[in-house]
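Participant:
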Amino acid sequence: MAYKWYFVRCQSGREKRIRDNAQNRLKVAGAEEIIPQVLVPYELVTDMKGGRKRTVEKKLYPGYLMVQADLDDPEDTRVITARNALRSVDGLRDFLGSRGEPTSITEAEVTSILSRMQESETRPQVTIGLSKGDMVKINAGPFDGFDGAVDEINAEKGSVRVIVTIFGRPTPVDLKYWEVEAV
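Position one of the sequence shown corresponds to residue 12 (this note's numbering), numbered consecutively onward.
1. Ordered along the chain, which non-local residues of its own chain (more than five positions away) have a Cβ less than 7 Å from that of N95?
2. Are the CB atoms of Y143 and G169 nearer to each other than 8 Å?
3. Tell me which same chain residues have a C-beta within less than 8 Å of the C-beta of A160, skipping the five on either side of it?
4. List the endpoints of the continuous beta strand (DSSP E) containing V184.
5. Let's see if you can read the secondary structure: which residues bound the beta strand (DSSP E) around A40?
6. What's the C-alpha gap between G41 and E54?
7. For I177, report the span of its beta strand (DSSP E) as first-last.
8. Can you list, in chain order, the stretches of the alpha helix (DSSP H) that have 4 or more residues and sit fully within the stretch 83-148?
9. Going by C-alpha distance, which of E68, V137 and E190 is nearest E26?
10. Identify whether E54 lies in helix, strand or coil by the three-state DSSP scheme.
11. Can you look up E192 in the DSSP assignment and give me helix, strand or coil?
12. From the DSSP output, which residues share a beta bridge with A80?
13. Are the stretch 99-119 and the stretch 17-24 touching by the rule of at least three beta carbon pairs closer than 8 Å?
14. Which residues does DSSP pair with Y72 in a beta bridge?
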């Protein structure tokens with residue numbers, strides 16, 4: 012069996028439910044051998060909401076699922092059964108490709124997507140939600156209560172450089188992103 016990865020269009024916002032339904036339909040149809048995996052590509056992202064740090068799943072491709080399948084012989088009855096089982100799932104469209112024929116994803120793209128998913132499991136990406144020049148209020152540390160302007164953002168380190176006026180002079184202060192909030 013020569014498994015390849017494909018993208019399948021689906022209704023945006025319902026990817027997980029559609030994935031579960033597709034896996035159940037494939038199991039009932041006995042087509043798990045043709046299509047062994049259906050994935051929702053995502054990455055974990057850490058952000059601040061309501062003053063609390065939280066980790067959420069962010070879909071890499073909203074409105075699409077990744078399917079591992081062996082579709083080399085379109086005349087094979089098992090392949091036809093598997094494709095019909097997928098088509099019967101509510102909210103699932105068809106494979107991405109030209110003229111109704113599925114186009115596989117290159118191995119480099121698959122490796123990149125899967126490694127990005129795995130990497131985010133161990134070290135979630137940080138989204139700061141601020142940009143240079145935004146006014147912020149410092150809510151922790153020795154500068155608690157001070158206002159300032161964002162000068163620099165380092166998403167990899169999760170830090171923000173804020174220009175605070177102390178004794179009439181602008182002073183740069185390096186802070187963690189959760190120590191500031193937008194004004």
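Ideal placement from N, C-alpha and C gives every residue a C-beta, glycine not left out.
Facilitator: So, from the listed chains and residues:
1. none
2. Reading off the sequence, residue 143 comes out as Lys, not Tyr. Result no, Cβ atoms of K143 and G169 do not sit closer than 8 Å.
3. G144, D145, M146, V147, V173 and I174
4. R180 to K187
5. It is not in any beta strand (DSSP E) - A40 instead sits in the alpha helix (DSSP H) that spans E26 to A40.
6. 31 Å
7. S170 to I177
8. 88-98 and 118-133
9. For the residues E68, V137 and E190, the minimum Cα distance to E26 belongs to E68.
10. strand
11. strand
12. K15
13. Touching, yes, given that three or more Cβ pairs across the two stretches are closer than 8 Å.
14. DSSP, once it has assigned bridges, lists no residue as partnering Y72.
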